[in-house]
Every structure is written in structure tokens, then in C-alpha cells.
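> To start, I am sharing the structure in question, which I have written as C-alpha cells.
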Amino acid sequence: MNKDSYDVVVVGGGHNALVAAAYLAKAGRSVVVLERLGHTGGAAVSASPFPGVRLSRYSYLVSLLPDRIVEDLGLRLDLRSRAVSSYTPTVRDGRATGLLVERDPGPVTAESFRALTGSDVEFGRWQEFYGDLARVARALAPTMLDPLPSTAAARDLVVGAAGENVWRQIFERPLGEVIEETFTDDLVRGVVATDALIGTHTSLGSPDLLANRCFLYHLIGNATGEWRVPAGGMGAVTAELLRVARSAGAEIVTGAEVTRVDVDGTSAEVTVGDRVIGASHVLSGVAPAVLDRLRGRAAAVPVGAQLKINVLLDRLPRLRSGVEPRQAFAGTFHLDESYVELENAYQASVSGKVPEFPPGEMYCHTLTDPSILAPELAARGAHTLTLFGLHLPAALFAEDNRGLCGDLIDRFMAGLDRHLIDPIADCVARDADGNPCVEARTPHDLEEELRMPGGNIFHGDLSWPFADEGGWGVETDVANLFVCGSGARRGGGVSGIGGHNAAMAVLSR
29 MNKDSYDVVV
39 VGGGHNALVA
49 AAYLAKAGRS
59 VVVLERLGHT
69 GGAAVSASPF
79 PGVRLSRYSY
89 LVSLLPDRIV
99 EDLGLRLDLR
109 SRAVSSYTPT
119 VRDGRATGLL
129 VERDPGPVTA
139 ESFRALTGSD
149 VEFGRWQEFY
159 GDLARVARAL
169 APTMLDPLPS
179 TAAARDLVVG
189 AAGENVWRQI
199 FERPLGEVIE
209 ETFTDDLVRG
219 VVATDALIGT
229 HTSLGSPDLL
239 ANRCFLYHLI
249 GNATGEWRVP
259 AGGMGAVTAE
269 LLRVARSAGA
279 EIVTGAEVTR
289 VDVDGTSAEV
299 TVGDRVIGAS
309 HVLSGVAPAV
319 LDRLRGRAAA
329 VPVGAQLKIN
339 VLLDRLPRLR
349 SGVEPRQAFA
359 GTFHLDESYV
369 ELENAYQASV
379 SGKVPEFPPG
389 EMYCHTLTDP
399 SILAPELAAR
409 GAHTLTLFGL
419 HLPAALFAED
429 NRGLCGDLID
439 RFMAGLDRHL
449 IDPIADCVAR
459 DADGNPCVEA
469 RTPHDLEEEL
479 RMPGGNIFHG
489 DLSWPFADEG
499 GWGVETDVAN
509 LFVCGSGARR
519 GGGVSGIGGH
529 NAAMAVLSR
């Protein structure tokens with residue numbers, strides 16, 4: 029903090045904060061970013077929990093980051109496509125099998141559907157359903173970096189692109205109803221449903237349509253919905269954002285914990301330790317609940333409901349179904365995520381219980397980008413495995429956070445073993461002391477380490493990307509205070525959208 033006053037103070041140094049700082053500094057504003065931790069990035073960071081590997085510790089894939097932000101800021105990023113969209117193992121009539129979906133579904137995917145379901149009907153429904161969603165993505169994605177469209181305007185875009193029925197399916201009816209009437213196979217239904225539940229604790233049949241909102245954001249990113257692997261790990265994304273923000277003239281201060289924010293609509297004061305920094309505008313990259321506390325207001329705490337597990341493997345395990353491991357783990361590997369299993373897990377979790385085989389999904393970063401491994405590890409066939417467990421709300425961990433975390437690791441490993449020839453424990457690498465190279469993060473860990481209230485990775489429930497009140501979706505009750513993080517409307521995920529829109533809100537004034 030080189031000055032006593034800035035045009036803009038950004039509270040928190042996550043990826044959205046860096047995006048906002050870069051845009052504002054490029055526009056000639058004096059900007060300082062204040063980050064509590066000793067580094068920037070928030071959840072979009074890499075770490076080395078095991079020798080010889082630097083992996084994405086929290087956030088791990090990129091879908092929502094628009095090309096326009098990359099081009100505007102001159103970001104040098106390598107975001108790689110995965111060869112496979114997903115693989116879902118199962119047992120049918122006592123036989124190990126599964127559903128393989130290519131990134132661009134073609135003959136291999138069609139044959140996989142046929143072998144699983146006995147006909148081409150389900151694959152035809154899949155193609156039609158996702159064809160409609162692709163049209164929705166192309167219609168809505170361009171609006172994400174503009175002022176919020178009204179509900180009527182968004183509806184016109186969707187109806188014009190995909191039809192009235194698709195608008196009703198995604199924006200008016202519970203997604204569970206739509207999935208049940210569109211698909212008949214329980215496993216296929218589950219694969220569709222998972223995009224509605226990542227980081228979101230809800231029933232697919234809930235009338236609040238929270239699942240629909242989550243589903244929409246997971247499928248419209250950058251007008252394609254493709255989830256890409258950041259080469260070098262997620263830390264490479266943050267490092268590049270940090271570079272462009274500093275190059276533009278933004279001041280980045282780490283180890284600077286903000287303890288108070290005072291705003292009156294025209295000026296602001298931000299307290300850091302025993303120093304008070306003045307500003308014309310404040311942008312908040314922290315969760316809305318944290319911002320409320322900094323303003324001395326009551327805060328409603330959201331609920332996180334996931335477990336993140338990172339693993340280093342000596343080798344990929346072979347599968348009972350016979351599918352090649354390099355194919356099965358290259359995309360999203362769905363574990364115990366049939367439609368019925370997902371709903372049963374949700375019902376168990378709201379009753380305070382943990383399913384015997386909790387649902388989760390995993391992928392192998394190193395099949396797409398081996399650069400995060402030391403050369404000697406890559407040469408001997410080592411790989412990373414990342415698992416994201418669903419329907420595990422923070423309340424389950426309240427009594428024994430580490431104990432339940434260890435138990436869940438065992439349950440996920442047991443669930444995976446049901447589909448493997450090689451027990452996963454035999455494939456897990458060990459460190460010099462003989463300890464398995466496995467780490468996990470619960471909602472409580474996210475709250476403690478990243479100050480994400482309740483461990484909610486979106487900072488709260490996702491909102492529709494339109495609103496009748498207008499604006500940029502970043503406004504608060506005070507004219508010179510904006511939300512620039514995941515808690516902004518159209519926030520969530522590694523996108524930079526909240527940061528861009530908060531910067532535009534400042535510049536438009």
C-alpha cells in the first residue's frame with residue numbers, strides 16, 4: 029500500500045479480483061488489491077502436497093472463462109481439451125460395463141449407449157437434448173459480459189434459439205422432471221443430472237430450481253460448455269492474471285487482512301491492521317457473508333456440500349469392464365452417480381447420514397497435461413487423480429471433521445474398487461515415510477483455509493444470469509460498493525466474469 033487513497037480498493041485477491049484490477053488499471057484507475065493470505069488466487073491455486081507434483085488443490089477445471097476476457101487482458105493461457113467427456117462404470121446383469129461419452133459424441137459413444145441400453149433410442153434422445161442446450165449456450169453466453177438482460181429478453185433469446193419448450197424445461201420446471209421424461213435409463217439420467225449438483229446441495233425435484241441454475245452454468249461456459257484442463261495447473265491461471273494486473277499498474281499486496289469496510293455511497297475507507305485506506309470505490313472479492321461481517325452487519329452463512337480428494341498414483345488401475353484406463357479417467361469418471369443413487373445420497377445427507385457408497389466424480393489431470401509432474405514421475409507412469417464428492421454438507425463434519433474425512437476417503441476408494449481389477453490402494457503412491465499420497469478438503473477446511481463461509485465454493489446459491497432490475501449483477505445497497513467474486517450474479521467457477529462486470533460497473537460511472 030504505497031498511498032493513503034486509491035480510486036479502487038479490491039478486498040481479497042482471488043482470480044476475479046485480479047481480473048477486475050487488471051481492467052481498472054488498464055483504464056487508468058489507481059487500484060490496490062488486498063489479500064489476507066501470502067499469495068493471490070483464492071481457490072484457483074496449485075500446491076505440492078506430494079513430492080514431485082504441483083496440482084490444482086481446490087478449483088481444477090476451466091469452463092466459464094470467456095475468450096473475450098482472455099483477449100482483452102492478453103492472457104497467455106493453455107487450456108486443453110480432454111479427449112473424453114465422461115465414463116461411468118456400472119454392473120448390468122452381473123456384467124461389468126459402462127457408458128463412454130466422447131467429447132464430440134460419435135460412433136464410439138453411440139455404440140456405448142447401444143451396449144448399455146440395448147437400442148439407439150437413448151442416444152438419440154441424448155443428441156437432441158444436448159443439441160438444444162448447445163443452442164441455449166450460444167444464445168446466452170454472449171450476454172455474460174454485458175449488463176444483465178431482463179427475464180423477457182433472456183427468454184426471447186432462448187426461445188429464438190431453441191424453442192419455447194426448452195425455455196420451460198430449463199427455466200420453469202424442476203430439472204428432475206425433465207430428465208425423467210426425456211431419458212429412461214437410470215445411469216444415463218444420472219450422468220445428465222451430475223452437472224446440476226456440482227457444488228450444489230439440493231434435490232433434482234426441488235421447486236426452487238437451484239439444480240436448474242447449477243446445470244445451466246455448467247453447460248453454457250464460453251458458448252460451448254466445454255470443461256478444459258489448465259496446463260500447468262490452476263496456479264498457472266492465477267499467475268497469468270497476476271502478471272497482467274501488475275503490468276497494467278495495479279498494486280497487489282499479500283499478507284494484508286482487511287478488518288473493516290466503511291462505505292457511504294461516495295467515498296470509502298478500508299481498514300488493514302492499524303492503517304485506513306481511502307477509496308472512491310470498493311470491490312469485494314470475498315464472499316457476501318464475509319463482506320457483511322466487514323461492514324458490521326449480520327451475515328447469513330451459506331452451506332457447502334462437497335469433499336475434494338487429491339491423489340498421486342504410481343499407475344492407473346485397470347477396470348473390470350475392459351475399457352482402457354487412459355480412456356476411462358481422461359474425462360469425468362462418474363462414481364455411484366446414477367439418478368437414483370444421487371437422489372438417495374441427497375435424502376441421506378439431509379437426514380444426517382452418509383451413504384455407504386457416496387457419489388462423486390474424478391478425472392486425471394496428467395492424462396491431458398503431464399507437466400505438473402516431475403520428469404522422473406512422468407517417466408515411470410505416475411498420474412494424479414482428483415475426486416469431487418457430492419451431497420456432503422458441512423453439518424456432517426461438525427463433530428469430527430478429520431475422522432469423517434478419513435472415513436469418506438475409505439468409502440470412495442471402496443466404491444471405486446467395485447469397478448477395478450487392481451485395488452486402488454495398490455496403485456496409490458507413497459512418500460518417503462511410507463504414507464499414501466492422498467489429501468482431502470472438506471467444507472470446514474475450505475472455510476478455515478480460504479474463508480469461504482460454510483465451505484460453499486460458489487459463495488452462495490447461484491442465480492439466473494438475468495434480472496429485471498438491470499445493472500451488472502454486482503451492485504450492493506451502496507452505490508460505490510460492488511461484489512466482484514463468485515458471489516456476484518453470474519459468478520461461480522473460474523470465470524473472471526464477476527471481476528469483469530464489477531470493473532465495468534465502476535467504469536460506467
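431 is the number that the numbering used here gives to position 403 of the sequence shown; each next residue is one higher, with no gaps. We put the beta carbon where it would ideally sit given N, CA and C, even for glycine. The structure displayed is predicted, hence computed values, not measured ones.
From residue 487 to residue 517, what distance separates their C-alpha atoms?
About 11 Å.
> Relative to the alpha-carbon of residue 60, which residue among 144, 349, 493, 311 has its alpha-carbon at the smallest distance?
Cα-wise, what sits closest to residue 60 is 311.
> Quick one: grab the DSSP three-state call for residue 59.
Strand, per DSSP.
> Evaluate residue 31 with the Cβ neighbour count: other Cβ atoms within 10 Å of its Cβ, from every protein chain shown; 16 or more gives buried, anything less gives exposed.
When all chains shown are included, residue 31 counts as exposed.
> Name the one or two DSSP bridge partners that residue 23 has.
Since the first and last residues shown for the chain are 29 and 537, residue 23 lies out of range.
> Measuring straight from C-alpha to C-alpha, what distance separates residue 259 and residue 391?
Each residue's Cα considered, the two are about 14 Å apart.
> DSSP has residue 73 in a bridge; who is on the other side?
Its beta-bridge partners do not exist; DSSP assigns none.
> Considering just the uninterrupted stretch of the alpha helix (DSSP H) at residue 233, what are its terminal residues?
That residue, residue 233, is in no alpha helix (DSSP H); it is neither H nor E in DSSP.
> For residue 122, count the other beta carbons within 10 Å of its own beta carbon; 16 or more makes it buried, fewer makes it exposed. Which is it?
Its Cβ having fewer than 16 others within 10 Å, residue 122 is exposed.
> Rounded to the nearest angstrom, what separates residue 348 and residue 72 at their Cα positions?
The straight-line gap from Cα to Cα measures roughly 35 Å.
> Are the beta-carbon atoms of residue 269 and residue 280 separated by less than 8 Å?
No, they are not a contact pair.
> Straight-line CA distance for residue 265 to residue 235?
Cα to Cα, residue 265 sits roughly 37 Å from residue 235.
> Could you please give the first and the last residue of the uninterrupted alpha helix (DSSP H) stretch that includes residue 124?
Careful: residue 124 lies outside any alpha helix (DSSP H), inside the beta strand (DSSP E) at 123–130.
> Can you give me the C-alpha to C-alpha distance between residue 508 and residue 37, rounded to a whole angstrom?
Answer to the nearest angstrom: the Cα atoms are 11 Å apart.
> Does DSSP classify residue 229 as helix, strand or coil?
DSSP places residue 229 in coil when its eight states are reduced to three.
> Candidates 304, 510, 294: which alpha carbon is nearest residue 286's?
Among 304, 510, 294, the Cα nearest to that of residue 286 is on 304.
> Pull up the distance between the alpha-carbon of residue 282 and that of residue 70, whole angstroms please.
The alpha-carbon atoms of residue 282 and residue 70 are separated by roughly 12 Å.
> Compare the Cα-Cα distances from residue 114 to each of 128, 108, 373 and report the closest residue.
Checked all of 128, 108, 373; the closest Cα to residue 114 is 128.
> Less than 8 Å between the CB atoms is what I'm expecting for residue 221 and residue 240, so what's the real figure, rounded?
No, residue 221 and residue 240 are not in contact; Cβ-Cβ is about 11 Å, not under 8 Å.
> Let's test the definition: count the other Cβ atoms within 10 Å of the Cβ of residue 197 and tell me whether it reaches 16, buried, or not, exposed.
By the neighbour-count rule (16 or more Cβ atoms within 10 Å), residue 197 is buried.
> Hey, which unbroken runs of the alpha helix (DSSP H) at 4 residues or more fall wholly within the region 467–502?
Complete alpha helix (DSSP H) runs here, min 4: 471–478.
> Give me whichever residues DSSP pairs with residue 54 in a beta bridge.
Answer is none; residue 54 lacks a bridge partner.
> How far does the alpha helix (DSSP H) with residue 221 in it reach, from first residue to last?
Residue 221 -> alpha helix (DSSP H) spans 214–221.
> If I follow the unbroken alpha helix (DSSP H) through residue 444, where does it start and stop?
Segment 429–445, the alpha helix (DSSP H) holding residue 444.
> Short of 7 Å in beta carbon distance, which residues of its chain neighbour residue 76, apart from the five on each side in sequence? Order them along the chain.
So the qualifying residues of the chain are 82.
> Look at residue 510 and residue 530 and say whether their C-beta atoms are less than 8 Å apart.
Yes, Cβ-Cβ distance for residue 510 and residue 530 is below 8 Å.
> Residue 28 by DSSP, collapsed to three states: which one?
Given a span of 29 to 537 for the chain in the structure shown, any question on residue 28 remains unanswerable.
> If you pair each beta-carbon of the region 202–220 with each one of the region 151–164, do three or more pairs fall below 8 Å?
Yes, since at least three Cβ pairs between the region 202–220 and the region 151–164 fall closer than 8 Å, the two stretches touch.
> What distance in whole Å lies between the Cβ atoms of residue 102 and residue 314, which are believed to be in contact at a cut-off of 8 Å?
That pair is no contact at about 27 Å.
> Can you look up residue 204 in the DSSP assignment and give me helix, strand or coil?
In this structure, residue 204 counts as helix in the three-state DSSP scheme.
> Please determine if the region 321–337 and the region 474–485 are in contact, where contact requires at least 3 C-beta pairs separated by less than 8 Å.
Verdict: yes, contact present.
> So, helix, strand or coil for residue 92, using DSSP?
Coil, per DSSP.
> Alpha carbon to alpha carbon, how far is residue 218 from residue 6? Give it in angstroms, no decimals.
For the chain, the structure presents residues 29 to 537; residue 6 sits outside this window and is missing.
> Alpha carbon to alpha carbon, how far is residue 389 from residue 105? Give it in angstroms, no decimals.
Cα to Cα, the separation comes out at about 25 Å.
> Nearest to residue 163 by CA position, among 136, 192, 173, 176, is which residue?
Considering only alpha carbons, the answer is 192.
> Does the distance from the C-beta atom of residue 254 to that of residue 109 stay below 8 Å?
It is a contact, given that the beta carbons lie within the stated cut-off.
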